[in-house]
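Read top to bottom, the protein sequences are chains A and B.
Just so you know, the first sequence maps onto residues 1 to 404 in the UniProt record's numbering.
Just so you know, the second sequence maps onto residues 1 to 404 in the UniProt record's numbering.
All C-beta atoms in this analysis are idealised placements derived from N, C-alpha and C, irrespective of residue type, glycine included.
Working notes, structure below.
Number of protein chains: 2
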Amino acid sequence: MPPTGDDAGGDSGRATPDRAASRPGYGALAAELAARDAVGFVAVGDRFDDDLRYLTRFSGPDRAWPFVYAGEEAFLCAPALFAEQAREEFAGTVLTQGDLAADAAGAQAAELLAEHAGLDGGTVLVPASLPHDAAVYLERAGFALESTDAVAEARRVKSAWEVERLREVQAAAQAGMARAETVLAEAAVRETDDRLVHEGVPVTTEYLRREVNAVLGAEGVSDAHNTVVAAGGACADLHFYGDVPVHADETVLLDVSPRGPEGYYGDLTRTFVVDSSGGWDRRAYLAVESAQDMAFDAIEAGAPAESVHEEGAAEIVAYGFGAGADLDAGFTHGVGHGVGVSLHEAPSLTASEELRVGDVVTVEPGVYDPEKGGVRIEDLVVVTEDGFENLTDYPRSSTPRVRR
Amino acid sequence: MPPTGDDAGGDSGRATPDRAASRPGYGALAAELAARDAVGFVAVGDRFDDDLRYLTRFSGPDRAWPFVYAGEEAFLCAPALFAEQAREEFAGTVLTQGDLAADAAGAQAAELLAEHAGLDGGTVLVPASLPHDAAVYLERAGFALESTDAVAEARRVKSAWEVERLREVQAAAQAGMARAETVLAEAAVRETDDRLVHEGVPVTTEYLRREVNAVLGAEGVSDAHNTVVAAGGACADLHFYGDVPVHADETVLLDVSPRGPEGYYGDLTRTFVVDSSGGWDRRAYLAVESAQDMAFDAIEAGAPAESVHEEGAAEIVAYGFGAGADLDAGFTHGVGHGVGVSLHEAPSLTASEELRVGDVVTVEPGVYDPEKGGVRIEDLVVVTEDGFENLTDYPRSSTPRVRR
């Protein structure tokens with residue numbers, strides 16, 4: 001939806017970042033440093049590094065730059081052309097390449113530790129994925145490196161600000177889904193081959209994908225590269241990106257997971273059948289719908305995450321379908337995963353760890369058969385003190401309707 | 001543009017990947033291994049790793065996986081859920097996590113070297129950005145690591161297949177630009193404040209960005225997160241993502257750089273003024289247009305890349321504007337950069353290395369003044385035997401026209 005207000009910014013329909021509320025705080029990092037007797041934390045990466053996006057809110061360049069946390073102070077070094085943007089987006093100290101002697105991002109991290117945090121050695125915590133050359137620079141500068149997953153842990157539990165960003169981008173996903181559902185509802189069925197035809201054009205999965213992605217663009221969602229649209233047997237290919245015709249009697253599965261302007265992902269799946277004969281697809285739909293309900297019921301802070309999967313899988317088995325990653329047909333994946341600045345993050349709903357208040361996870365049971373089709377329904381929910389809140393507001397119906 | 005043909009696939013408007021033509025070949029890697037007396041090459045990364053995208057064409061999961069080249073054979077290990085996709089996209093040997101004993105991607109790389117390439121030690125070449133934990137696994141398995149930039153070098157010179165992908169995504173960028181230019185041409189000017197109004201809605205930079213990104217989505221371009229739209233003084237902020245009103249007498253700068261379905265980027269910038277009074281912006285426009293012409297003239301295989309920048313910068317200075325990264329106003333950036341599966345890659349047009357046939361670069365001079373506005377014009381060109389071919393087909397005009 002384009003801006004409708006008279007002024008730019010707050011009235012434009014795009015969230016104006018509330019910088020203070022967006023800041024993650026470094027309490028978890030500080031606690032980890034203390035617990036591990038470490039002097040600092042270093043991460044090096046580019047704009048595609050989700051840990052850095054979370055830690056700094058800086059959307060950054062597409063080449064490596066360093067983040068350093070030491071002495072309760074946070075630093076980053078940005079290319080000069082990005083300095084203004086970094087100072088707007090990041091709460092800590094921004095240095096530019098001209099401020100430092102070192103050129104390489106890892107060497108800059110070592111220089112920040114030594115010259116700006118005043119350290120002359122000690123243990124530095126790093127993500128396991130720290131670039132190898134950065135590790136070498138830090139070790140040469142006299143720091144001992146140890147891996148930490150403190151950032152992934154800190155990212156898991158979402159703040160109120162983060163939950164609102166997730167809700168916003170989920171709403172954009174819903175708008176994209178509504179467009180695809182409307183196309184399916186309005187399409188004519190060609191008698192010769194049961195093919196769907198929309199505004200004179202035979203419908204394919206790529207046709208639907210473009211319809212969805214155009215709406216995502218208009219909704220201010222910048223990144224739509226994850227939109228999966230499949231039909232018929234292709235629904236059993238969980239990452240189907242091909243282009244196949246869409247027929248009236250087959251399942252059409254749409255998995256819409258755009259990234260919002262602040263870096264958070266939505267994740268929404270619905271499955272439609274335009275003209276069901278009430279056979280396999282109907283039974284699969286009932287199984288999946290019921291499995292999602294059972295999975296919802298299992299969500300509770302303190303419960304093992306995997307119990308959510310187990311409840312969903314048991315329900316699908318009760319409907320006579322198989323469940324297991326090794327099967328060719330049935331429920332072949334886990335029932336959900338955490339979502340944040342990464343599309344897949346902790347917690348996995350097949351892991352044994354306990355759910356926490358603030359976990360944001362998908363709940364997405366599915367049943368697939370390469371010979372018959374595939375059905376998946378996916379919502380995005382946040383774990384609360386009382387159970388969960390569904391961040392999704394989209395009907396679960398297999399018959400497409402016009403939605404405007 | 002949605003599919004118009006009667007059949008899916010080739011008629012849909014989306015390029016059907018020609019798998020054989022898309023394959024990069026590993027000749028450059030093999031030569032580098034021989035020259036450095038190394039037994040293999042290893043890269044580890046996720047779907048956002050552009051080297052891996054180039055080497056494998058596998059669009060992959062958002063968690064780390066390994067690629068190994070040894071004994072003239074290429075391997076990757078994918079999560080089981082991605083095995084089918086990997087086998088479609090990658091020409092080499094695909095193993096899945098179930099085929100290997102190791103869990104971590106770096107340990108899987110070591111296992112691939114030892115068990116599948118039959119190596120029990122020796123020097124392995126890796127990108128400098130190899131994750132630190134992968135380096136540790138490889139060293140523990142008895143391999144000595146040395147960095148190589150052979151992949152970046154190999155990526156530089158584009159094949160005919162790659163040039164066609166770049167041309168296609170540049171055409172999508174042009175369609176997005178045409179939409180924004182049309183909005184500007186159709187907009188009314190509100191007398192009270194000189195503000196543009198389109199279909200009753202006051203135009204902002206975010207309004208234009210959404211119009212562009214909606215078209216990119218409809219064009220089958222999945223990733224539009226780089227679209228920059230600025231107006232007036234904000235044009236001097238090269239990475240402006242904010243939302244400001246657009247007035248008739250100020251510069252409107254649009255930089256559209258979507259990623260196509262095969263991973264290649266387009267890059268197109270135009271600047272418009274709806275109702276110019278012929279002052280600063282007109283002079284800046286003439287300077288930039290002329291600077292682009294001079295830069296074009298300097299493009300020649302064998303010429304130092306930086307000579308292209310120097311010719312463009314000299315022309316801007318001849319028009320009375322400054323040129324230099326330290327200036328507040330003037331031409332404050334380099335005139336261009338390589339484009340491929342990364343938006344910014346080799347060669348930089350401020351580097352001393354020689355241009356080669358097959359280099360694909362932007363040519364994008366600009367003049368900025370935070371008090372007055374900013375003008376940039378950017379085309380994407382490929383260096384040829386005879387000079388260059390412009391992959392862009394979009395008018396250079398500062399007065400917006402309706403383009404449909």
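Alpha carbon of residue i to alpha carbon of residue j, nearest angstrom
i: Glu262 (chain B); j: Asp359 (chain A); result: 34 Å
i: Gly9 (chain B); j: Tyr241 (chain A); result: Because Gly9 (chain B) sits at a pLDDT of 36, beneath the cut-off of 50, its placement in the model cannot be relied upon, and the point is left open.
i: Ala91 (chain A); j: Glu315 (chain B); result: 40 Å
i: Pro131 (chain A); j: Val42 (chain A); result: 11 Å
i: His247 (chain B); j: Val274 (chain B); result: 8 Å
i: Thr392 (chain B); j: Pro202 (chain A); result: 31 Å
i: Phe58 (chain B); j: Arg259 (chain B); result: 15 Å
i: Leu33 (chain B); j: Pro400 (chain B); result: 53 Å
i: Tyr264 (chain A); j: Ala141 (chain B); result: 38 Å
i: Ala150 (chain A); j: Arg167 (chain B); result: 44 Å
i: Val163 (chain B); j: Val382 (chain B); result: 8 Å
i: Phe82 (chain A); j: Pro347 (chain B); result: 20 Å
i: Tyr319 (chain A); j: Gln170 (chain A); result: 30 Å
i: Asp237 (chain A); j: Ser397 (chain A); result: 22 Å
i: Trp161 (chain B); j: Pro24 (chain B); result: 10 Å
i: Ala295 (chain B); j: Arg156 (chain B); result: 20 Å
i: Pro2 (chain B); j: Val339 (chain A); result: Confidence at Pro2 (chain B) is low in this model, with a pLDDT of 27, below 50, so its placement is unreliable and no value can be given for it.
i: Val197 (chain A); j: Asp223 (chain B); result: 27 Å
i: Asp267 (chain B); j: Asp103 (chain A); result: 27 Å
i: Phe255 (chain A); j: Leu380 (chain B); result: Looking at the sequence shown, residue 255 (chain A) is not Phe but Asp. The straight-line gap from Cα to Cα measures roughly 34 Å.
i: Gly312 (chain A); j: Phe388 (chain A); result: 16 Å
i: Ser12 (chain A); j: Thr204 (chain B); result: The pLDDT assigned to Ser12 (chain A) is 33, lower than 50, so where the model puts this residue is not dependable, and the model offers no usable value.
Secondary structure of residue i, DSSP reduced to three states
i: Asn213 (chain A); result: helix
i: Val151 (chain B); result: helix
i: Ala190 (chain A); result: Sequence check: residue 190 (chain A) is Arg here, not Ala. If DSSP states are grouped into helix, strand and coil, Arg190 (chain A) belongs with coil.
i: Thr182 (chain A); result: helix
i: His337 (chain B); result: strand
i: Ala38 (chain B); result: coil
i: Glu378 (chain B); result: strand
i: Ala329 (chain B); result: coil
i: His198 (chain A); result: strand
i: His239 (chain B); result: coil
i: Ser12 (chain B); result: Model confidence at Ser12 (chain B) stands at a pLDDT of 33, short of 50, so the residue's coordinates are unreliable and nothing is read from them.
i: Val357 (chain A); result: coil
i: Gly5 (chain A); result: With a pLDDT of only 32 at Gly5 (chain A), under the threshold of 50, the placement of this residue in the model should not be trusted; the figure read from the coordinates follows. In the structure shown, Gly5 (chain A) sits in coil (DSSP, three-state: anything other than H, G, I, E or B).
i: Gly387 (chain B); result: strand
i: Asp249 (chain B); result: coil
i: Thr399 (chain B); result: coil
i: Leu145 (chain A); result: strand
i: Thr392 (chain A); result: coil
i: Gly322 (chain B); result: coil
Reference residue i; option with closest CA among the options
i: Gly98 (chain A); options: A:Arg36, A:Ser348 and A:Ala78; result: A:Ala78
i: Gly233 (chain A); options: A:Ala329, A:Gly338 and A:Arg87; result: A:Ala329
i: Glu89 (chain B); options: B:Arg396, B:Val151, B:Tyr54 and B:Arg19; result: B:Arg19
i: Glu300 (chain B); options: B:Glu353, B:Ala325, B:Ala30 and B:Val402; result: B:Glu353
i: Gly302 (chain A); options: A:His239, A:Asp386 and A:Glu378; result: A:Asp386
i: Arg376 (chain A); options: A:Glu389, A:Pro395, A:Val288 and A:Arg404; result: A:Val288
i: Ser276 (chain A); options: A:Gly340, A:His337, A:Phe321 and A:Lys372; result: A:Lys372
i: Glu35 (chain A); options: A:Glu139, A:Pro395 and A:Thr123; result: It should be pointed out that residue 35 (chain A) corresponds to Ala in this sequence rather than to Glu. Among A:Glu139, A:Pro395 and A:Thr123, the Cα nearest to that of Ala35 (chain A) is on A:Thr123.
i: Ala215 (chain A); options: A:Val189, A:Pro127, A:His344 and A:Ser257; result: Before going on, a small fix: residue 215 (chain A) reads as Val here, not Ala. That would be A:Ser257, whose Cα lies nearest to the Cα of Val215 (chain A).
i: Gln174 (chain A); options: A:Ala135, A:Val189, A:Gly217 and A:Cys235; result: A:Gly217
i: Glu186 (chain B); options: B:Val317, B:Thr56, B:Glu199 and B:Asp193; result: B:Glu199
i: Arg190 (chain A); options: A:Arg87, A:Pro245, A:His239 and A:Ala178; result: A:Pro245
Presumed contact (8 Å Cβ cut-off) between residue i and residue j, rounded CB distance
i: Thr350 (chain B); j: His309 (chain B); result: 5 Å
i: Val44 (chain B); j: Gly106 (chain B); result: 6 Å
i: Glu250 (chain A); j: Ala231 (chain A); result: 6 Å
i: Ala325 (chain A); j: Ala101 (chain B); result: No, Ala325 (chain A) and Ala101 (chain B) are not in contact; Cβ-Cβ is about 18 Å, not under 8 Å.
Proximity test, Cβ basis, 8 Å: residue i and chain C
i: Glu84 (chain A); result: Checking the listed chains, one finds no chain C in this structure; the protein chains it contains are A and B.
The region 98-112 of chain B / the region 65-75 of chain B touching (three or more Cβ pairs under 8 Å): yes
Cβ contact check for the region 276-292 of chain B and the region 208-223 of chain B: 3 or more pairs under 8 Å: no
Meets three-Cβ-pair contact criterion under 8 Å: the region 46-60 of chain A and the region 114-124 of chain A: no
Cβ contact check for the region 361-375 of chain B and the region 329-338 of chain B: 3 or more pairs under 8 Å: yes
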